[in-house]
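978 is the number that my numbering gives to position 35 of the sequence shown; each next residue is one higher, with no gaps. We put the beta carbon where it would ideally sit given N, CA and C, even for glycine.
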Amino acid sequence: MNNTCICLICNKPNNIYLDFLRTFTNYDIVVVIDDFSKKYYNDEYYQKEYPNFVFVQLDNVNCMENGFQMANLALNKMVSGWDKAIYFFSFYYKEYDHIWYIEDDIFLYDENVFKNIDDKYPDSDLLVKQIDQRDDEKWLWNAVINHLPEPHYNSLVCACRVSKKLLSCIYDYVKKYKQLIFIEMLFTSIAKANNLKCDCPHELVPVIYRYDWNVNNVNKLQLFHPIKDLNLQTEMREALQNEIVLKERIFYLKEHFIPPK
């Protein structure tokens, strides 16, 4: 068992993204599925194709009864995949030191992106793109503060790394208030309130709310959001791979060039 896990949060699993994650060798993979139209966790196809993956489907009522609700009211539902993903690692799978939470519109070239970040920040309790502190009454998240301890912070968390320690603090909050709060405030505010270590790696800078990413403005060193077209994600990886091969070929030719006599 690895110390760090990758948790993909999705409505329904897509084979393109699962096949990409299947190339990972340094991380355990957990797929949290919000959809309940079928039982993915004991589906013969998924068991055969992805035997090392853990597929998770948690009942909405179970989550609500245990207070894991309201993490993503932007979806107009009490329980979302985020509630389930936080619940799963807070209550069931507590062995990992860190969990990378990612949505399926996050693009990265390969697992080395995660590994490079993990090597730089081995002890951080929270890794996010950036952390902003509430500065005025026009703060976008004022309506969903609830019992959140002050000062209040927010961050885009489509891709973020969370420690076991931070999840434990979040679980304490849930046990006290019987609910979560909007994820863009949840991780940063509770981490800060408990004096946990927070960092903002350069690799997460391209995690943006809206942006038109394409094969010409991505790279193999960072994570990018949003890229919802998974076929485009595949094209991007192929383009980056071809670029690497071309550079290696040019380097080889330079090193082995024999000038004409």
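Classification of residue i by the beta-carbon crowding that lies within 10 angstroms, buried from 16 upward
i: H1145; result: exposed
i: Q1012; result: buried
i: A1134; result: buried
i: L1109; result: buried
i: F1131; result: According to the sequence shown, residue 1131 is Thr rather than Phe. T1131 comes out buried.
i: F979; result: exposed
i: Q1176; result: buried
i: V1150; result: buried
Segment limits, beta strand (DSSP E) that includes residue i
i: A1102; result: A1102 to S1106
i: F1125; result: Segment: none, F1125 is in no beta strand (DSSP E) and carries neither H nor E.
i: I952; result: T947 to C953
i: Y1044; result: H1041 to E1046
Beta-carbon contacts of residue i that lie in its chain and below 7 Å, excluding the five residues immediately before and after
i: Y1064; result: L1070, D1142 and P1144
i: Y993; result: L961 and R965
i: E1178; result: V1158
Extent of the continuous alpha helix (DSSP H) run through residue i
i: W1025; result: G1024 to Y1030
i: I1060; result: N1055 to K1063
i: N958; result: N958 to L964
8 Å Cβ shell around residue i - same chain, five flanking residues per side excluded
i: R1192; result: Confidence in R1192 is poor, its pLDDT being 45 and thus under 50, which makes the residue's placement unreliable; the coordinate value appears in the next sentence. There are no such residues.
i: G1010; result: V1117, K1118, Y1120, K1121, Q1122 and L1123
i: N1174; result: I959
Sequence-distant residues of the same chain with beta carbon closer than 6 Å to residue i, five excluded per side
i: E987; result: none
i: Y984; result: F998 and Q1000
Any chain E beta carbon closer than 8 Å to residue i
i: D1142; result: No chain E is present in this structure, which holds just one protein chain.
Counting pairs of Cβ atoms below 8 Å between the region 1020-1036 and the region 1105-1122, do you hit three or more?
Judged by Cβ distances under 8 Å, the region 1020-1036 makes contact with the region 1105-1122, as three or more pairs qualify.
Beta strand (DSSP E) runs contained entirely in the region 977-1036, provided each spans 3 or more residues
Qualifying beta strand (DSSP E) stretches, in chain order: 996-999.
Between the region 1155-1168 and the region 1041-1056, do at least 3 Cβ pairs fall closer than 8 Å?
Contact between the region 1155-1168 and the region 1041-1056 is established, with three or more Cβ pairs separated by less than 8 Å.
Going residue by residue through the region 1123-1172, where are the continuous alpha helix (DSSP H) segments of at least 4 residues, counting only ones entirely within it?
Scanning the region 1123-1172 for uninterrupted alpha helix (DSSP H) segments of 4 residues or longer gives 1126-1136, listed from N- to C-terminal end.
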